[in-house]
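Q: Residue numbers (my numbering), protein chains in the order written: chain A, 962 to 1296; chain B, 11 to 271.
By construction, the Cβ of each residue, glycine as well, lies at the ideal position given by its N, Cα and C atoms.
In structure tokens:
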């Protein structure tokens, strides 16, 4: 059973890699995509960010905090705008601003649920909308400024990978590697925390700190992914690969690896697709690819997929019909 | 009286609670609870819904904030006694669709002792398998937890607590809505634990089985109504004081109690 599942996961990864290769040749021949140095850079950035978000998305999904991811990414926008006003178009500063605004948003959310009678969902709604509105207002204001370099800023709404340069990608890869190392080091703790936080606490783990650490990693993944997918659709890049991966496996380690692969696929392919035309935003392309993977997984995954469930139900019906020929018995009984 | 001779002598009390008060939004859930649980007893915590039974366990284990009160385990504060304590939460408290296996969940009981950065090894897996045998789940070790029945979920949690090798166990409603096989398995485990000199506190709902399963009982309704050996504490009078005006229920139980004598 275990070996069978391992094989399935490896086959799936091989299939995705093959699909990616096929896509690269198809896009070059069929769509006329020119794999320039810039596009290769951008695609690589998409792969890195997709993998990062896929992996961390598993924890967001399993902690049933998908919507927090949505609130977090929307809440980043005013931070981006303020950072731009203060420092200018400096990627590090923009991401720092995004992260700070997200954190403030989460803090506000917790403060609202603690001090008022509002529950988590409406609190999230309030913060998400307020922060996003502030961000949009600031962004419009920035657009009106007589400054040519603000053009890149709007890409944060829907994402624009074309803005990425090689140095950005190197930096992103470094950050992702750091996140993966932390994740590996605290693997056992994060797993226990996600499954049963109360038991973790009763076993002496510093649950407060672990929570903070894991949330920080998720925020980092979201903030880094913003320029790729944009604040509006960012949550898709976070949860879609994890949702798809869950369908194929029953083991957390495999789910995380698969989600990373799915995310990388969606990020890379989406970035390339958006390069077909310079005006195409990256975010929607990536999300379309990511949710195609989700759709295929939901339909065709063994055991959990829709098709497998239907087939199993049919098989069971046939089997029981053979064992208990009910109408015939009734007839005999009456006779 | 069936209180066993204390197996471990360093401190006579497995758990001592003084002046424990817990409040949610200024409404007291537990009020001035004093409790002394000797080592080696199987104690049921019974009381009506909302009596604070689960809260008592959680407050003692530092899982919910206390308004006041001091707590000692084997004469030591919680931080020093942590390794001696095992916990079985309500099985409804987790998402059973989590992608993991039965054996993996049981291994989680060892994480606390493993400490940071260390992974479970073969010896740990053997320990986990042994615990699964004790609850009659050894053949389901590789099973996905999403495919378990309620009773099997409960036994998985019990096995996870067993590998903790604790001296004092807290179990939150392990008997709630389980099948007969599971109930039997839990009772066997409880008796094995007591035979080993360990102490077990169980939040329990079924008044009919208190006398046959437990030798110690605490009747709780926000305050401690009575606590002590089952034979002297589990009386119709105390039950009436715990459950209030539900006389019909109490009198039905009286019949059982007198039949049992």
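1) According to the Cβ coordinates, are residue 142/B and residue 116/B closer than 8 Å?
2) Do residue 1299/A and residue 1197/A have their C-beta atoms within less than 8 Å of each other?
3) Closest by CA to residue 1201/A, which one among 1004/A, 967/A, 1013/A, 978/A?
4) Check whether the stretch 71-89 of chain B touches the stretch 52-63 of chain B, counting contact only when three or more Cβ pairs, one atom from each stretch, lie closer than 8 Å.
5) Assign residue 1226/A to one of two classes, buried (16 or more other C-beta atoms within 10 Å of its C-beta) or exposed (fewer than that).
6) Do residue 211/B and residue 167/B have their CB atoms nearer than 8 Å?
7) Do you know how far the Cα of residue 44/B is from the Cα of residue 263/B?
8) Report the rounded CA-to-CA distance for residue 269/B versus residue 216/B, giving the unit in angstroms.
9) Using a C-beta to C-beta distance shorter than 7 Å, which residues of chain A count as neighbours of residue 34/B?
10) Can you check which of these residues, 1085/A, 1141/A, 1241/A, 1159/A, is closest to residue 103/B by C-alpha distance?
11) My output table needs one value for residue 145/B: the three-state DSSP class, helix, strand or coil.
12) Give me, in chain order, the residues of the same chain whose beta-carbon lies closer than 6 Å to that of residue 1258/A; leave out the 5 immediate sequence neighbours on both sides.
13) Cα-Cα, which of 47/B, 119/B, 111/B is closest to residue 70/B?
14) Between the alpha carbons of residue 1042/A and residue 1096/A, how many angstroms are there, rounded?
15) Anyone know if the C-beta pair for residue 224/B and residue 118/B falls short of 8 Å?
16) Does DSSP put residue 154/B in a helix, in a strand, or in coil?
17) Which residues does DSSP list as the beta-bridge partners of residue 178/B?
18) Would residue 99/B count as contacting chain A if we go by Cβ distances under 8 Å?
19) What span of residues does the alpha helix (DSSP H) with residue 63/B cover, start to end?
20) Note down the Cα distance separating residue 27/B from residue 1056/A, rounded to an integer number of angstroms.
21) Which residues in the same chain as residue 153/B place their Cβ atom closer than 7 Å to its Cβ, once the five residues preceding and following it in sequence are excluded?
22) Along chain A, in chain order, which residues have C-beta atoms closer than 8 Å to that of residue 103/B?
23) Per DSSP, which residues does residue 231/B bridge with? Please list them.
24) Where does residue 1235/A fall in DSSP's three states?
25) Ordered along the chain, which non-local residues of its own chain (more than five positions away) have a Cβ less than 8 Å from that of residue 13/B?
26) Can you give me the start and stop residues for the alpha helix (DSSP H) that residue 1132/A sits inside?
27) Assuming contact is defined by CB atoms lying nearer than 8 Å, are residue 1020/A and residue 1151/A in contact in what I supplied?
28) Of all the CB atoms in chain A, is at least one closer than 8 Å to the CB of residue 109/B?
29) Give me the residue from 1261/A, 1001/A, 1148/A with the minimum Cα distance to residue 130/B.
30) When the Cα atoms are used, what is the spatial distance from residue 1032/A to residue 146/B?
31) Could you check what DSSP says for residue 43/B in three-state terms: helix, strand or coil?
32) Quick check for students: name the residue ranges of the beta strand (DSSP E) that lie wholly in the stretch 998-1071 of chain A, counting only runs of 3 or more.
33) Cα-Cα, which of 1030/A, 1174/A, 1120/A, 1146/A is closest to residue 1203/A?
34) Taking the alpha carbon of residue 1040/A as the point to measure from, which residue in 1114/A, 1213/A, 1085/A has its own alpha carbon closest?
35) Hey, does residue 970/A have any beta-carbon neighbour from chain B nearer than 8 Å?
36) Using a Cβ-Cβ distance cut-off of 8 Å, determine whether residue 1205/A contacts chain B.
A: Short version:
1) Contact flag set, yes.
2) There is simply no residue 1299/A to check, as chain A begins at 962 and stops at 1296 in what is shown.
3) 1013/A
4) no
5) Buried: at least 16 other Cβ atoms inside 10 Å.
6) no
7) Confidence at residue 263/B is low in this model, with a pLDDT of 48, below 50, so its placement is unreliable and the value that follows should be read with caution. Straight-line Cα distance between these residues: approximately 27 Å.
8) Because the pLDDT of residue 269/B is 40, which lies under 50, any placement of that residue in the model is unreliable, and the number read from its coordinates should be weighed accordingly. Answer to the nearest angstrom: the Cα atoms are 17 Å apart.
9) Within chain A, no residue comes near residue 34/B; the closest Cβ sits about 13 Å away, beyond 7 Å.
10) 1159/A
11) coil
12) Hits under 6 Å: 1205, 1208.
13) Distances from the CA of residue 70/B to each of 47/B, 119/B, 111/B were compared; the closest alpha carbon is that of 47/B.
14) Here the alpha carbon of residue 1042/A sits roughly 6 Å from the alpha carbon of residue 1096/A.
15) No; because the gap between Cβ atoms is not below 8 Å, this pair is not in contact.
16) Here residue 154/B sits in strand by DSSP.
17) DSSP output for residue 178/B lists 95/B, 209/B as bridge partner(s).
18) yes
19) 63-70
20) 50 Å
21) 111, 112
22) 1157, 1159
23) Beta-bridge pairing links residue 231/B to 233/B.
24) helix
25) For residue 13/B, the pLDDT reaches just 40, beneath the cut-off of 50, and the residue's location in the model is therefore unreliable, although a value from the coordinates is still provided. Sequence-distant partners of residue 13/B (beyond 5 residues in either direction) whose C-beta falls short of 8 Å from its own C-beta, in its chain, are 48, 50, 51, 225, 226, 239.
26) Taken as a continuous stretch (DSSP letters only), the alpha helix (DSSP H) holding residue 1132/A covers 1127-1146.
27) Contact annotation: residue 1020/A and residue 1151/A have beta-carbon atoms nearer than 8 Å.
28) yes
29) Closest option to residue 130/B, judged by alpha-carbon separation, among 1261/A, 1001/A, 1148/A: 1148/A.
30) 45 Å
31) strand
32) none
33) 1030/A
34) 1114/A
35) no
36) no
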